[in-house]
Amino acid sequence: MDDMTEGRNNTTAADGEQLLTFIVDGKEYGVDILRVQEIRGWSAPMPIPNTPAYIKGVINIRGDVVPIADLRERLRLPALSYGDTTVVVVLRIAGGHASAAEASTPHERVMGIIVDAMSDVTKIPLKSIKPAPVFAETLEKPLTRGIATLEDKMITILDVDRIFSGAGDVTAAQAA
Amino acid sequence: MLEKLGDPLVHLVRNSLDHGLESPAERLAAGKPPQGTLELRDYHQGSSIVVEVADDGRGLDLAKILASARRRGLVGPDETPSDSALREMIFAPGFSTASAVTDVSGRGVGMDVVRRNIKELAGEIAVESTPGRGTRVALRLPLTLAIVDGQLVRVGPHSYVIPLLSIVDLVELDRTLVGWVEGGREVYRLGDELVPLVPLHPLLGVGADGREARMLVVAEADGQRVGLLVDELQSQQQVVVKSLESNYERVEGVSGATILGDGGVAFILDVGGLRRLDRARRRTAPAREQVAA
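First to last, the protein sequences are chains L and A. Taking the working numbering, the leading residue of the first sequence gets 683, the next gets one more, and so forth. Taking the working numbering, the leading residue of the second sequence gets 882, the next gets one more, and so forth.
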C-alpha cells in the first residue's frame, strides 16, 4: 500500500502526471498510467453470484482470475451494450485481504474496468490538476481524484482504489 | 503455500541425510547397499495431497529418543512410553538426539517448527519408522489448496464445478418423486430419505427458476443432504483451484474458481454456502418456484 501511494506521489511530484485516458458516455476520464497493467479487448466474463450489478464477473488473464467492473454503471450512467471498441483497462488496486495466511502482507489486487473506448496517453502539468469540488449530498467517498483542466478539454481523473470499494454502499442503496 | 512448505521440506531432507542415512561402512555391515536412498514423493489421498520424505537409513533410534526425553524430563524415570508416543517426542520444542551439532542439522530447532508450519497450512504430519529399515515422514495437506476432483454441471448458460467429495449421488429428476412442505419448499424422495430441493438458478443469479432443471446432484455439507437442481451434468475432471479472494473478495456459496480447458472461468461451488444462501433467500422472499408445478 505504502509503496503504491509513494509511486503515485512520485509521478505527481515531478512536473506532471501521466494519464491513460478513455471515453465513457462521451466524456474523457483518466487514470494514473502507472496503475495500468494492460488493456484488453472485450471478452464475456463469468458472472459472480450475489454481487453489485456493476461487477460484471471474472475473466481469465493468463491464469489469473480477474474481476471486472462496468465503469458506466459504477458512475451511474446509462448502460451500453458492449461492442468492438469496448475495452477493458486492467488496473492494479491497492489493499484487499487475499486470505488469512496473507493478511499480514500488503496485497495488490488486479481488477479491470470496462470503458467505451480508449483515448490517449497524456502528460498533465501539475498546475492543471484541480481538486474536484465536493458535493455535500454524496455520502460515498468520491471516485474523482481531480480534474485536469486543459486548454481544449477537461479530463476527470479517477482514484482507481475507489472504483471497486464502496460496493456494499451501492448494494444497500439499491436495496433501499 | 509453497514458501511455507519449502522450509519444512528442507528440514526433513536434512534430517534424513544426517540422522537417517548411515555411513557406507555401516550400511554394508547391515547388509544394505552402500549408497543410501532418499525419496521425495507426492500423491493424492482422499481429500488430501501427501508429500513424503522417505529414507532407507537406520530409522528412528527409539532408545536414544527415550534417553534424551528422560534427560529433558519429558518422560519420568519409571514411565515407559509406547513406540508411537516416543516417535511423537521428536516434535517437542528443542528436542534433539544428535550428540554433536553438524553443518547439516542437530541444533534441536526442528521438528516442532516443521509441525507448526504444516499446521499453519491446515495440514498434518506423520512419522513412520522401522529400525534398520528407514524413516518415512508424510505431510498431509488439504487438497482444497491445490486440486479438486470436480463434477462440472451446467446451470443456465454457465458451467460450475461441484467438488466430488461433497457429492453423494447423481440422479435424473423424476417429477413424481417431488413432495411439498409449507412455504413452497420442495423435497425429493430418495429411497427412504427426503432431501430438500435447492434450485441453483436463483442462487447463482442465472434465471429465476429451476423449471427446466433435469438433473439432481445430491450433495452433503455439515452432515445435511440437499438436492441441488442443475440443468445438465457435464464431465468429471480435476480442476486447479484459483482464489477468487486474491483479486476480489469472499463470495458466499463459492469456494474458488478454476480455468476450464476452453480458457473460460468456472466457479467451484461450496455446498455449505449454497445451503446458507438458500435459507437466507427463502427467509427474505418466500418463493413460488416449484419444479413440479
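C-beta: ideal position from N, C-alpha, C; glycine also. Note that the structure is a prediction, hence the values are computed from the model and not measured.
Quick check: what's the CA-CA separation for residue i versus residue j?
| i | j | result |
| --- | --- | --- |
| residue 1037 (chain A) | residue 999 (chain A) | 40 Å |
| residue 774 (chain L) | residue 751 (chain L) | 13 Å |
| residue 953 (chain A) | residue 991 (chain A) | 16 Å |
| residue 781 (chain L) | residue 1138 (chain A) | Unreliable placement is indicated for residue 781 (chain L), whose pLDDT of 43 sits below 50; the coordinate value is still reported in the next sentence. C-alpha separation (whole angstroms): 15 Å. |
| residue 837 (chain L) | residue 825 (chain L) | 13 Å |
| residue 1136 (chain A) | residue 833 (chain L) | 51 Å |
| residue 1116 (chain A) | residue 801 (chain L) | 44 Å |
| residue 1161 (chain A) | residue 706 (chain L) | 37 Å |
| residue 1006 (chain A) | residue 964 (chain A) | 17 Å |
| residue 877 (chain L) | residue 1146 (chain A) | Absent from the model: residue 877 (chain L). The displayed extent of chain L is 683 to 858, so no value can be given. |
| residue 993 (chain A) | residue 722 (chain L) | 49 Å |
| residue 948 (chain A) | residue 1023 (chain A) | 35 Å |
| residue 893 (chain A) | residue 1050 (chain A) | 41 Å |
| residue 1154 (chain A) | residue 1042 (chain A) | 14 Å |
| residue 1100 (chain A) | residue 1111 (chain A) | 12 Å |
| residue 1107 (chain A) | residue 827 (chain L) | 49 Å |
| residue 890 (chain A) | residue 1010 (chain A) | 18 Å |
| residue 962 (chain A) | residue 956 (chain A) | 8 Å |
| residue 684 (chain L) | residue 1034 (chain A) | In this prediction, residue 684 (chain L) has a pLDDT of 46, which is less than 50 and means its spatial position is unreliable; what the coordinates show is noted afterwards. Taking the straight line from one Cα to the other gives about 43 Å. |
| residue 1104 (chain A) | residue 973 (chain A) | 35 Å |
| residue 730 (chain L) | residue 903 (chain A) | 57 Å |
| residue 745 (chain L) | residue 950 (chain A) | 50 Å |
| residue 918 (chain A) | residue 886 (chain A) | 22 Å |
| residue 995 (chain A) | residue 1121 (chain A) | 26 Å |
| residue 807 (chain L) | residue 697 (chain L) | 6 Å |
| residue 786 (chain L) | residue 847 (chain L) | Confidence at residue 786 (chain L) is low in this model, with a pLDDT of 44, below 50, so the placement of that residue is unreliable and no value is reported for it. |
| residue 1008 (chain A) | residue 968 (chain A) | 7 Å |
| residue 795 (chain L) | residue 1081 (chain A) | 28 Å |
| residue 981 (chain A) | residue 932 (chain A) | A caution first: residue 981 (chain A) carries a pLDDT of 46, below 50, which makes its placement in the model too unreliable to give a value. |
| residue 704 (chain L) | residue 797 (chain L) | 7 Å |
| residue 1094 (chain A) | residue 742 (chain L) | 28 Å |
| residue 759 (chain L) | residue 709 (chain L) | 11 Å |
| residue 915 (chain A) | residue 923 (chain A) | 26 Å |
| residue 804 (chain L) | residue 726 (chain L) | 29 Å |
| residue 970 (chain A) | residue 944 (chain A) | 12 Å |
| residue 1004 (chain A) | residue 997 (chain A) | 9 Å |
Which residues mark the beginning and the end of the beta strand (DSSP E) in which residue i is found?
| i | result |
| --- | --- |
| residue 1039 (chain A) | 1039 to 1044 |
| residue 748 (chain L) | 746 to 752 |
| residue 830 (chain L) | 826 to 831 |
| residue 791 (chain L) | 790 to 797 |
| residue 971 (chain A) | Per DSSP, residue 971 (chain A) belongs to no beta strand (DSSP E) and is neither H nor E. |
| residue 943 (chain A) | Looking at the DSSP string, residue 943 (chain A) is not in any beta strand (DSSP E); the run it does join, the alpha helix (DSSP H), is 943 to 952. |
| residue 1117 (chain A) | 1113 to 1121 |
| residue 742 (chain L) | 737 to 743 |
| residue 1007 (chain A) | 1005 to 1011 |
| residue 809 (chain L) | Looking at the DSSP string, residue 809 (chain L) is not in any beta strand (DSSP E), and its letter there is neither H nor E. |
| residue 961 (chain A) | From DSSP, residue 961 (chain A) is part of no beta strand (DSSP E); its letter is neither H nor E. |
| residue 771 (chain L) | 769 to 776 |
| residue 1023 (chain A) | 1015 to 1023 |
| residue 1031 (chain A) | 1028 to 1036 |
| residue 719 (chain L) | 718 to 723 |
| residue 1136 (chain A) | 1135 to 1140 |
| residue 703 (chain L) | 698 to 706 |
| residue 901 (chain A) | Careful: residue 901 (chain A) lies outside any beta strand (DSSP E) and carries neither H nor E. |
| residue 714 (chain L) | 709 to 714 |
Let's see if you can read the secondary structure: which residues bound the alpha helix (DSSP H) around residue i?
| i | result |
| --- | --- |
| residue 1161 (chain A) | 1152 to 1165 |
| residue 627 (chain L) | Given a span of 683 to 858 for chain L in the structure shown, any question on residue 627 (chain L) remains unanswerable. |
| residue 905 (chain A) | 905 to 910 |
| residue 993 (chain A) | 992 to 1001 |
Worksheet item: Which residues, in order along the stretch 786 to 805 of chain L, keep a beta-carbon less than 7 Å from a beta-carbon of chain A?
Response: Residues of the stretch 786 to 805 of chain L with a Cβ closer than 7 Å to any Cβ of chain A, in chain order: 791, 792 and 793.
Worksheet item: Quick one: any contact between the stretch 902 to 914 of chain A and the stretch 1016 to 1035 of chain A, if contact means 3 or more CB pairs under 8 Å?
Response: no
Discussion item. List, from N- to C-terminal side, the alpha helix (DSSP H) runs of 4 residues or more that fit wholly inside the stretch 1082 to 1106 of chain A.
Written reply: none
Worksheet entry | Positions along the stretch 732 to 746 of chain L whose CB lies within less than 9 Å of some CB in chain A | 732, 733, 737, 739, 740, 741, 742, 745 and 746
Discussion item. Does the contact criterion of 3 or more C-beta pairs under 8 Å hold for the stretch 708 to 717 of chain L versus the stretch 1058 to 1071 of chain A?
Written reply: no
Discussion item. For the stretch 1135 to 1165 of chain A, list every residue whose C-beta sits within 8 Å of some C-beta in chain L, in sequence order.
Written reply: 1135, 1138, 1140, 1144, 1145, 1146, 1147, 1148 and 1158
Worksheet entry | Where the stretch 1090 to 1116 of chain A meets chain L: residues whose CB sits under 8 Å from a CB there | none
Discussion item. Three Cβ pairs or more, each shorter than 8 Å: is that satisfied between the stretch 1050 to 1064 of chain A and the stretch 1120 to 1133 of chain A?
Written reply: These segments do not touch.
Worksheet item: What residues in the stretch 1116 to 1128 of chain A bring their beta carbon closer than 9 Å to a beta carbon of chain L?
Response: 1121, 1123, 1124, 1125, 1126, 1127 and 1128
Worksheet entry | Runs of alpha helix (DSSP H) lying entirely within the stretch 1054 to 1083 of chain A, each at least 4 residues, in chain order | none
Discussion item. Output needed in chain order: residues of the stretch 951 to 963 of chain A with a Cβ under 7 Å from some Cβ in chain L.
Written reply: none
Discussion item. Short of 7 Å Cβ to Cβ, which residues in the stretch 1030 to 1042 of chain A face chain L?
Written reply: 1039
Worksheet item: Taking one C-beta from the stretch 929 to 938 of chain A and one from the stretch 895 to 908 of chain A each time, how about it: are there three or more such pairs within less than 8 Å?
Response: yes
Fill in: Near-chain L residues of the stretch 1072 to 1087 of chain A (beta-carbon distance less than 8 Å), N- to C-terminal order
1084, 1085, 1086 and 1087
Practice prompt. With 7 Å as the limit, tell me which residues of the stretch 709 to 727 of chain L have their beta carbon closer than that to any beta carbon of chain A; keep them in chain order.
Written response: none
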